[in-house]
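Colleague: Below you will find the structure I want to go over with you.
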Amino acid sequence: MSIGIVGGGIIGLSIAFELVERGVEAITVYDRDPSQGAGLVAAGMLAPTAEANFGEDALQELMSESMRRWPSFAERVEARTGVSIAYRTEGTLLVALTADDQAEVDRLIGFYRRAGSPIEPLSGRDLREREPLLAPRVRGGAFAPGDHQVDPRRLLRALRTLPVRFEARDVNTLSTLRDDVIIVATGAAAAALTGLPVRPVKGQLLRLRGPEPLLRHVVRGIAGGRDVYLVPRADGELVVGATEEERGADTTVTAGGVLDLLRPAADLLPGVAELVLAEALAGLRPGTPDNAPIIDRLGNSEVIVAAGHHRNGVLLAPATAAAVAETVVDKATSIDISAFGAGRFT
Ligand code: GLY
C-alpha cells in the first residue's frame, strides 16, 4: 500500500511518523518547500486550558486527548529520530497587569474551572516568586499546570529525518497522484485542493534572543487590554506572539503588528527591551468556520483530509496523526473524530 501525504508541515509529518511507527514503508511527502508553513512560525504552546473557548466542547475534548498523548509522542519522536524536540512541562502562567486585566483573568479562571481544567489563582507576589523578572506592578494571575510547550522547529527537524520519500513539488490537483491513499495536510492551502472552507488567519510573531532565559514558564499576559504570549527556550530565545488578523494570505510584517506585541511584552517583562530582535515573521493559521479541524475521509474516496487546525496545530498533532494512521492501517480509529467531519460544512 502506498501513501501520499500532501503537505510537509507538522500535521503531515506527524501523520508520516505514526505511519512509520506502524510499519508502513511506502510513504511519499509532496511539498515544494517542506516545513516552511505555519509550524515554522508557531511558538509551540500546548495549551488545552488557555486556548479553550466557550462553545467549543468537541474541540476541547480533542485538545485534551492530544495533550494526554504528547509525553509519549515526544518520547517516541526523540527515540526514533535521535533529535531532541524540547518538550517542557513547567506549565503556563496567566499574568494581568492592571485591575481591568485582572478582571479579565478572573473571568478566564472561572471559565477554565467550569470546563474542568486545572487552574490555580496567584497573587502578584506569587507570580514574582515564580518569575522574578516580571514587572513589579503585575497585579495577579493564575497557574495552568497542564499547558506545556515544545519547540516546533526542532519537531520539524526531527520529523524531516523520517525514512519517507520527499518529493519537492506543488500538488495542484489530487488526480495527478498515483498513491493508494492520499492524505491532504496542507493547512491553509487545503481549500484549493478540496474545496473545504479553510482560510488563512495571519499571525505575526517575534523571536528575541538574549544570553540566558528571562522566564521558566510560558507566560500568557494581558497588559492594558492587549494579549500577548511569551515562550522561553533554554538557549535564551524568547518567542513573543501573536497577532490574529483576517488578511487573506498576506505574510508581511507590519510596524503596528510589532508594536502590538512588543508593548505588552515589555510592560509585563521589562527585560524584553534588552534582547536582540532576531526575527519578525508572519504565518498563516489554517482557520475553519468553527475553529476546529477537519479530520475525515472525503466521501467514499481514498482521500483523507487533516487540515484546519487553526491555533492548535502543534497541540493537536499527536491525536490527529494517530487518528489518521489508525484509519489508514486499521480502517478505524479509537479517537473520537466524529465532530470533525468534512460534511459539517456542506
Ligand atoms: N496558539 C497560538 C496562536 O495561534 O497564536
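Each number in our numbering comes from the position in the sequence shown (counting from 1) with 204 added on. C-beta: ideal position from N, C-alpha, C; glycine also.
Suppose the cutoff is 6 Å on Cβ atoms and the five residues either side in sequence are ignored; what does the same chain contact list for SER321 look like?
Modeller: So the list reads THR253, once near-sequence residues are dropped.
Colleague: For the candidate residues ILE498, ALA484, ASP383, ILE313, whose alpha-carbon lies nearest to that of ASN257?
Modeller: Checking every option, the nearest Cα to that of ASN257 belongs to ILE313.
Colleague: Do the CB positions of GLY213 and TYR234 come within less than 9 Å of each other?
Modeller: Taking 9 Å as the Cβ cut-off, GLY213 and TYR234 do not qualify as a contacting pair.
Colleague: Excluding sequence positions up to five away, which residues of its chain have a Cβ less than 8 Å from the Cβ of MET271?
Modeller: Closer than 8 Å at the Cβ level, and outside the excluded window around MET271, lie LEU250, PRO252, GLY350, HIS352, LEU519.
Colleague: Would you mind stating whether HIS421 and LEU297 have Cβ atoms separated by less than 9 Å?
Modeller: Yes. Within cutoff.
Colleague: Per DSSP, what kind of secondary structure is ARG318 in: helix, strand or coil?
Modeller: Helix at ARG318.
Colleague: When every heavy atom of the ligand GLY is checked, does at least one fall within less than 8 Å of the C-beta of ALA453?
Modeller: Outside the cutoff, so no.
Colleague: Sort GLY547, GLY259, GLY487 by Cα distance to ALA393 and report the nearest one.
Modeller: Nearest C-alpha to ALA393: GLY487.
Colleague: Beta carbon of MET249: closer than 8 Å to some heavy atom of the ligand GLY?
Modeller: True, at least one ligand heavy atom lies under 8 Å from that Cβ.
Colleague: Hey, would you say the C-beta of HIS352 is under 8 Å away from at least one heavy atom of the ligand GLY?
Modeller: No; taking the cut-off as 8 Å, the Cβ of HIS352 has no heavy atom of the ligand GLY nearer than that.
Colleague: Using the Cβ count rule (16 or more neighbours within 10 Å means buried), how would you classify VAL342?
Modeller: Buried is the call here.
Colleague: How would you write the range of the alpha helix (DSSP H) that PRO325 sits in, first residue to last?
Modeller: No alpha helix (DSSP H) contains PRO325, which is instead part of the beta strand (DSSP E) from 324-327.
Colleague: Is the closest heavy atom of the ligand GLY to the C-beta of TYR433 under 8 Å?
Modeller: Yes; taking the cut-off as 8 Å, the Cβ of TYR433 has a heavy atom of the ligand GLY nearer than that.
Colleague: Report back the beta-carbon spacing between TYR433 and ALA230 to the nearest angstrom; my notes put them in contact at under 8 Å.
Modeller: 40 Å between Cβ atoms; not a contact.
Colleague: Under a Cβ-count criterion, where at least 16 other Cβ atoms within 10 Å of its own Cβ denotes burial, should ARG489 be classed as buried or exposed?
Modeller: With 16 or more Cβ atoms within 10 Å of its Cβ, ARG489 is classed as buried.
Colleague: For GLY440, which residues from the same chain have a beta carbon less than 7 Å from its beta carbon, with the 5 sequence-adjacent residues on both sides left out?
Modeller: Closer than 7 Å at Cβ, skipping near neighbours: ARG413, GLY414, PRO415, GLU416, PRO417.
Colleague: In chain order, what residues of the same chain lie with their CB nearer than 7 Å to the CB of SER288, ignoring the 5 residues before and after it?
Modeller: If we look at SER288 and ignore the five residues flanking it on each side, its Cβ neighbours are GLU282, ARG358.
Colleague: Only counting runs of 3 or more residues, tell me where the beta strand (DSSP E) segments fall wholly within the stretch 468-509, in order along the chain.
Modeller: Entirely contained in the stretch 468-509, the beta strand (DSSP E) runs reaching 3 residues are, in chain order, 480-491, 498-501.
Colleague: Given that a residue counts as buried once 16 or more other Cβ atoms are within 10 Å of its Cβ, and exposed if not, what is LEU481?
Modeller: LEU481 comes out exposed.
Colleague: So ALA496 and GLU255 are supposed to be a Cβ contact under 8 Å. How far apart are they, rounded?
Modeller: Between GLU255 and ALA496 the Cβ distance is about 12 Å, and since that is not below 8 Å, they are no contact.
Colleague: Go ahead and pull the three-state DSSP assignment for ARG361.
Modeller: Helix at ARG361.
Colleague: Does the distance between the C-beta of ALA527 and the nearest non-hydrogen atom of the ligand GLY fall short of 8 Å?
Modeller: No.
Colleague: Whose CA, out of VAL388, GLU335, VAL405, LEU409, lies closest to the CA of GLY399?
Modeller: The residue with the shortest Cα to Cα distance from GLY399 is VAL388.
Colleague: Checking the sheet assignment: what are the DSSP bridge partners for LYS406?
Modeller: For LYS406, which the question treats as bridged, DSSP gives the partners GLU449, LEU488.
Colleague: Tell me whether PHE258 sits in a helix, a strand or coil according to DSSP, three-state version.
Modeller: Three-state DSSP puts PHE258 in coil, outside helix and strand.
Colleague: In chain order, what are the residue ranges of uninterrupted beta strand (DSSP E) at least 3 long that sit wholly in the stretch 207-286?
Modeller: Entirely contained in the stretch 207-286, the beta strand (DSSP E) runs reaching 3 residues are, in chain order, 207-210, 231-234.
Colleague: Does the beta-carbon of ASN504 have 16 or more other beta-carbons within 10 angstroms, so that it is buried, or is it exposed?
Modeller: By the 10 Å Cβ count, ASN504 comes out exposed.
Colleague: What would DSSP say about ALA307, mapped onto helix, strand or coil?
Modeller: ALA307 falls in the helix class under three-state DSSP.
Colleague: In its own chain, which residues sit with a C-beta less than 6 Å from the C-beta of PHE277, not counting the 5 before and 5 after it?
Modeller: Same-chain partners within the cutoff: PRO522.
Colleague: Do you know offhand how far GLY491's Cα is from GLU449's?
Modeller: Using only the alpha carbons, I get a separation of about 11 Å.
Colleague: Regarding ARG489 and the ligand GLY, is the C-beta to nearest heavy atom distance less than 8 Å?
Modeller: Checking every heavy atom of the ligand GLY against the Cβ of ARG489, one is found closer than 8 Å.
Colleague: Does the ligand GLY have even one heavy atom less than 8 Å from the beta-carbon of ALA392?
Modeller: False, no ligand heavy atom lies under 8 Å from that Cβ.
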